[in-house]
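Participant:
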Amino acid sequence: MTTVPVPVLAPEPVTAVGRVRKRLTSRTASAISLVIALLWTVPTFGLFISSFRPEQEIKTNGWWTFFNKPQLTLDNYQDVLFGTSGTSGRLASYFVNSLVITIPSVLFPLAFCSLAAYALAWTKFKGRDWIYVGIFALQIVPIQMALVPLLQFFNIFALENEGSFIQIWFAHTCFAIPLGVFLLHNFMAELPGDLIEAARVDGAGHARIFRQVVLPLIVPALASFGIFQFLWVWNDLLVSLVFATSQNAPITYALREQMRAFSSNIDVIGP
61 MTTVPVPVLA PEPVTAVGRV RKRLTSRTAS AISLVIALLW TVPTFGLFIS SFRPEQEIKT
121 NGWWTFFNKP QLTLDNYQDV LFGTSGTSGR LASYFVNSLV ITIPSVLFPL AFCSLAAYAL
181 AWTKFKGRDW IYVGIFALQI VPIQMALVPL LQFFNIFALE NEGSFIQIWF AHTCFAIPLG
241 VFLLHNFMAE LPGDLIEAAR VDGAGHARIF RQVVLPLIVP ALASFGIFQF LWVWNDLLVS
301 LVFATSQNAP ITYALREQMR AFSSNIDVIG P
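The sequence shown lines up with residues 61 to 331 when you count with this note's numbering.
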């Protein structure tokens, strides 16, 4: 009776990337990362604690003394949101303005970019690739270069109404189109062509294919782009400085004014 030797696999050579990955995932690296994360959050945590402390306590003692004699109050938040003491920015209305600006500025690009991406990915027409390249190239254009042309455009069509959100929605939508079309087009182009062809064989047109076949499959891409756009619009200050007024300014504009007026009042800027 003969025995067949079992082949022994040679160990894989350790590469430089493997050594770096092993070091970065070690317990020592994890402990160092945890310490850095804790130190990074200390100032934010201190500001959060100070936002609930009385004004006199903030001005006389450090935030760490809160644990010795805790004193909590919501007066600072009430002052900032509703201006009860006359020394705050009254941010409640600006917060509402931010919601009014952000929600349409996310929905409009999602609708326009998804339709444009479908047209560029699954419809055949002359110059399709050149149009896609042109839209993609718009990402390198700085926003600052487009502000003056947009102002001239709004002036021609009389869109510079006091307190109107139209110009802000339009500006954010225009700035979002290049990135949105790029992301959604790349996602749609990877969809199986058999699904589209099967829908066409069944007699479905482009509208039905987009609504019933493509749209359910690109929900992850829509969610990703929607999150990016929401964060961009919510944190934007430049567009609001150019196109917004005191009646429709978002919360970033109000925070800027509040920092200029109450930069030394921790009880006001903390919340």
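All C-beta atoms in this analysis are idealised placements derived from N, C-alpha and C, irrespective of residue type, glycine included.
Since the model is a prediction, treat every value here as computed from it, not as a measurement.
#1: In three-state terms, what does DSSP make of A177?
#2: Give the DSSP-derived three-state secondary structure of Q131 in the structure shown.
#3: Is the beta carbon of H232 closer than 9 Å to that of V302?
#4: If you follow the alpha helix (DSSP H) that R271 is in, where does it begin and where does it stop?
#5: Closest by CA to F214, which one among V102, L94 and A304?
#6: Using 8 Å for Cβ pairs, my map puts P310 next to S153. What's the rounded Cβ distance?
#7: Below 6 Å CB to CB, which residues in the same chain sit around N128 once its five sequence neighbours on both sides are set aside?
#8: Here's a check: name, in chain order, each residue in its chain whose Cβ is nearer than 6 Å to the Cβ of G146, leaving out the five neighbours to either side.
#9: What whole-angstrom Cβ distance do F112 and L132 have, given they're in contact under 8 Å?
#10: What are the boundary residues of the alpha helix (DSSP H) that includes T104?
#11: Taking three-plus beta-carbon pairs below 8 Å as touching, is the stretch 235-253 in contact with the stretch 188-200?
#12: Following the continuous alpha helix (DSSP H) through T305, name the residue where it begins and the one where it ends.
#13: Can you list, in chain order, the residues of its chain with a C-beta nearer than 6 Å to that of S174? Leave out the 5 residues immediately preceding and following it.
#14: Are the Cβ atoms of L291 and V274 separated by less than 9 Å?
Facilitator: Taking the definition as stated:
#1: Along the sequence shown, one-based indexing puts residue 177 at 117. Note: A177 maps to helix in three-state DSSP.
#2: Along the sequence shown, read from residue 1 onward, the residue named residue 131 stands at position 71. Here Q131 sits in coil by DSSP.
#3: Residue 302 sits at position 242 when you count from the first residue of the sequence shown. Residue 232 sits at position 172 when you count from the first residue of the sequence shown. Cβ distance not < 9 Å, so V302 and H232 don't count as in contact.
#4: As a first step, residue 271 must be located in the sequence shown, where it is residue number 211. Segment: none, R271 is in no alpha helix (DSSP H) and carries neither H nor E.
#5: If you number the sequence shown from 1, residue 214 lands on position 154. The residue with the shortest Cα to Cα distance from F214 is A304.
#6: Looking up residue 310 in the sequence shown gives position 250. Looking up residue 153 in the sequence shown gives position 93. That pair is no contact at about 11 Å.
#7: Counted from its first residue, the sequence shown places residue 128 at position 68. The answer is none, since no qualifying residue turns up.
#8: Position 86 of the sequence shown, counting from 1, holds the residue named residue 146. At G146, the pLDDT of 49 sits below 50, so the modelled position is not reliable; the number obtained from the coordinates is stated separately. For G146, where only same-chain residues beyond five positions count, there are no Cβ hits under 6 Å.
#9: Translated into positions along the sequence shown, residue 112 becomes position 52. Translated into positions along the sequence shown, residue 132 becomes position 72. F112 to L132, Cβ: 5 Å. Contact.
#10: What you label residue 104 is simply residue 44 of the sequence shown in a count that begins at 1. Segment R87 to S110, the alpha helix (DSSP H) holding T104.
#11: yes
#12: If you number the sequence shown from 1, residue 305 lands on position 245. Taken as a continuous stretch (DSSP letters only), T305 belongs to no alpha helix (DSSP H), as it is neither H nor E.
#13: Taking the sequence shown and counting its residues from 1, one reaches residue 174 at position 114. These residues qualify, in order along the chain: L244.
#14: Position 231 of the sequence shown holds residue 291. Position 214 of the sequence shown holds residue 274. Their beta carbons are not under 9 Å apart, which means L291 does not touch V274 by this criterion.
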